[in-house]
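Residue numbers (this note's numbering), protein chains in the order written: chain A, 1 to 147; chain B, 1001 to 1200.
Each residue gets a CB set at the ideal place from its N, CA and C atoms; glycine is no exception.
First up is the structure itself, then whatever we jot down about it.
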Amino acid sequence: MNNKYPVMLVLIVTGFFISACKNVPPVTSGIGSSQIAPGQQYSKHLQIDNKQLAAKLYISDIKSRSNNDFLQLNLTLTSRYKKSLQLQYQFQWFDQDGFAIEAGKSPWQALELHGMQTATVAGLAPSTKVSTFSLYVREVPEKFFKY
Amino acid sequence: MNKIILATTLSIALVALGGCTNKSVVRYGDATAVETTNISFGSTDLQKVAGQMTDSLLLSPVVGTLTANTRPILFVESIKNKTSEHIDTESITDSISTKLLRSGKFRFVDMGRVAAVREQLEFQQSSGLVDTSKAVAFGQQVGAQYMLYGNLASIVKSNKDQSDVYYKFTLRLMDLKSGLIEWADETEIRKTKEKEFVSW
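Right under this line is the structure:
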């Protein structure tokens, strides 16, 4: 009877190691918006793909204007989480026909948002032909693997 | 009997744990994603520096005036690397000049290709292989009106638990005729690396 315990212990430990030792794809969903034209009410275009992130963070304002013929954006993010958030955000740009401008070239920008902080980040269209934009915010994945 | 079960279980455990190591997988990644492999100057830093400097220049009221009726001609002088790292600063200037060129507001002359251009024009003019009536003549190029130049500096500090690096990138636009600096801006990057407890 007593000999069963070492076997069970080994099985549990093995199971623990095997379950921990696996490739965990990072969570890359977040919050963002569909295409918004300047002057449109941004709140109608917001989308939440990651409810856990949305519980910690929300888009509190999006402003846009034309400056030197370029569409300029101000995105305001507010944290409702007491700890720091390591975030990345990206703007996408579209012409008046909805075609992406500089598709795949808009870099994700890193942003550290401290607990309960509100921060405004800026974006500028890469071309004067931009007429609508979309944006996305997600966490920076820190661990790809668990051992 | 129990010893056999124990030995078998242990063997399976060792095989299972052994299978956790020595695995390498090749994947295509997102070239625009935030990269935090180490604390050194990386692709995200390059993209941030190039993006912010281009945006700042394009939004500048002075540049708005300069580009109102014409596309000024710029040349990029090399960015001086004052950091302790080896950083390909030409890659930063390439990104900035490409973004500015694609914005449609500026034109560029490439001082890095002067020798190649001269060689090609000499070939057209004197090799005897090119129709001289159609060959590009010397002395017709347009000179730059403005010079873009800058510095990349860093401050590195570390102790046994933490490393901290601070980068400062400064860029300036000089009017070559007057020598006046028409625009300048700087952007900062701070990166830290801390030891963390291993978590399961």
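Which of helix, strand or coil DSSP assigns to residue i
i, result
"B/Thr1070", "coil"
"A/Met116", "coil"
"B/Arg1113", "helix"
"B/Leu1121", "helix"
"B/Ile1004", "helix"
"B/Lys1080", "strand"
"A/Lys44", "helix"
"B/Ser1259", "Any answer about residue 1259 of chain B is impossible in this case: the structure gives chain B only from 1001 up to 1200."
"B/Val1063", "helix"
"A/Ile12", "helix"
"B/Val1142", "coil"
"A/Glu142", "coil"
"B/Val1034", "coil"
"B/Val1025", "coil"
"A/Val121", "strand"
"A/Tyr147", "Any answer about A/Tyr147 is weak, because its pLDDT of 45 lies below 50 and its placement is not dependable; what the coordinates show is given next. Residue state, collapsed to three classes: coil."
Buried versus exposed, by CB contacts within 10 Å (16 or more), residue i
i, result
"B/Gln1047", "buried"
"B/Ser1060", "buried"
"B/Asp1131", "exposed"
"A/Pro26", "exposed"
"A/Lys63", "exposed"
"B/Leu1066", "buried"
"A/Tyr5", "exposed"
"A/Ser79", "buried"
"B/Ser1084", "exposed"
"B/Leu1100", "buried"
"B/Gly1150", "buried"
"B/Met1053", "buried"
"B/Asn1159", "exposed"
"B/Tyr1028", "exposed"
"A/Ala55", "exposed"
"B/Arg1118", "exposed"
Start-to-end residues for the alpha helix (DSSP H) that takes in residue i
i, result
"B/Arg1102", "Thr1089 to Arg1102"
"B/Thr1044", "Ser1043 to Leu1059"
The beta strand (DSSP E) enclosing residue i, as first and last residue numbers
i, result
"B/Met1147", "Tyr1146 to Ser1158"
"A/Gly32", "Ile31 to Ser33"
"B/Ala1184", "Ile1181 to Glu1194"
"A/Val135", "Residue identity differs from the one stated: residue 135 of chain A is Leu in this sequence, not Val. Run containing A/Leu135: Thr132 to Glu139, per the beta strand (DSSP E) assignment."
"A/Leu85", "Leu85 to Phe94"
CB of residue i within 8 Å of CB of residue j, strictly
i, j, result
"A/Ile101", "A/Phe91", "no"
"A/Asn50", "A/Ser29", "yes"
"B/Ile1092", "B/Val1034", "no"
"B/Phe1169", "B/Leu1148", "no"
"A/Ala37", "A/Ser131", "yes"
"B/Leu1058", "B/Leu1173", "no"
"A/Gly98", "A/Gln40", "no"
Residue i CB to nearest heavy atom of the ligand ATP below 7 Å
i, result
"B/Leu1152", "Looking for the ligand ATP in the displayed structure turns up nothing, as the structure carries no ligands at all."
| task | Could you pull out every unbroken alpha helix (DSSP H) segment of at least 4 residues lying fully inside the segment 49-83 of chain A, listed in chain order? | result | 51-56
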